[in-house]
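Accompanying notes for the structure given below.
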Amino acid sequence: MKIRLLNKGEAVPYDLLLLADESKEAIDKYIFGSDIYLLEHEGDILAVYVLARIDDRQSEIKNIAVKDAWQGKGLGKMLLQDACEKAKSIGCKQLLIGTGDASLKQLYIYQKAGFEMSFIRHNFFLENYPCPIFENGLQLKHMVVLAKGL
Numbered sequence: 004m005k006i007r008l009l010n011k012g013e014a015v016p017y018d019l020l021l022l023a024d025e026s027k028e029a030i031d032k033y034i035f036g037s038d039i040y041l042l043e044h045e046g047d048i049l050a051v052y053v054l055a056r057i058d059d060r061q062s063e064i065k066n067i068a069v070k071d072a073w074q075g076k077g078l079g080k081m082l083l084q085d086a087c088e089k090a091k092s093i094g095c096k097q098l099l100i101g102t103g104d105a106s107l108k109q110l111y112i113y114q115k116a117g118f119e120m121s122f123i124r125h126n127f128f129l130e131n132y133p134c135p136i137f138e139n140g141l142q143l144k145h146m147v148v149l150a151k152g153l
């Protein structure tokens, strides 16, 4: 397995990105100013993450997704580690990642990987998505942003 940067002119893997975001329109708001990394195995794209530089000190993982059949096999952890290394290599001191306030699985995974809750983007899902989004039986309202020192 290897992780590589999406090449210019190569198709954006919306099918994977849509596992972690609700619409192509939402994804298009952040991918064009970001780097897209693919995790490949034997020519198949199994996972993806999107890394955006915020400023000289911070980068943010805007999207991270693993194909359903490959979840629970450590690929997400591999992507998080790679994102930390990439952000550190460009001089960032902190890496951020956001998830929904009811996204219990993601909150667990990110904290297990060393991220800590940092702040909340209030009403993020209410203001940025036209239709309500539900996870674990609860409507997403706020984005919980977690941070990890590099």
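In the working numbering, each residue carries its 1-based index in the sequence shown increased by 3.
Where a beta carbon is used, it is the ideal one built from N, C-alpha and C, also for glycine.
| Asked | Found |
| --- | --- |
| Can you give me the Cβ contacts of Arg7 inside the same chain, cut-off strictly under 8 Å, excluding the 5 residues immediately before and after it? | Tyr40, Leu41, Glu43 |
| Quick check on Cys95: buried or exposed, where buried means 16 or more other Cβ atoms within 10 Å of its Cβ? | buried |
| Which first and last residues belong to the alpha helix (DSSP H) in which Gly86 is found? | It should be pointed out that residue 86 corresponds to Ala in this sequence rather than to Gly. 78-92 is the span of the alpha helix (DSSP H), which, as asked, contains Ala86. |
| Taking the alpha-carbon positions, what's the Gln84 to Val53 distance? | 13 Å |
| Evaluate Gln114 with the Cβ neighbour count: other Cβ atoms within 10 Å of its Cβ, from every protein chain shown; 16 or more gives buried, anything less gives exposed. | exposed |
| If we count the other Cβ atoms within 10 Å of its Cβ and call it buried at 16 or more, is Leu129 buried or exposed? | exposed |
| Between which two residues does the alpha helix (DSSP H) containing Lys27 stretch? | 27-34 |
| Measuring only the C-alpha atoms, how far is Ala68 from Pro16? | 10 Å |
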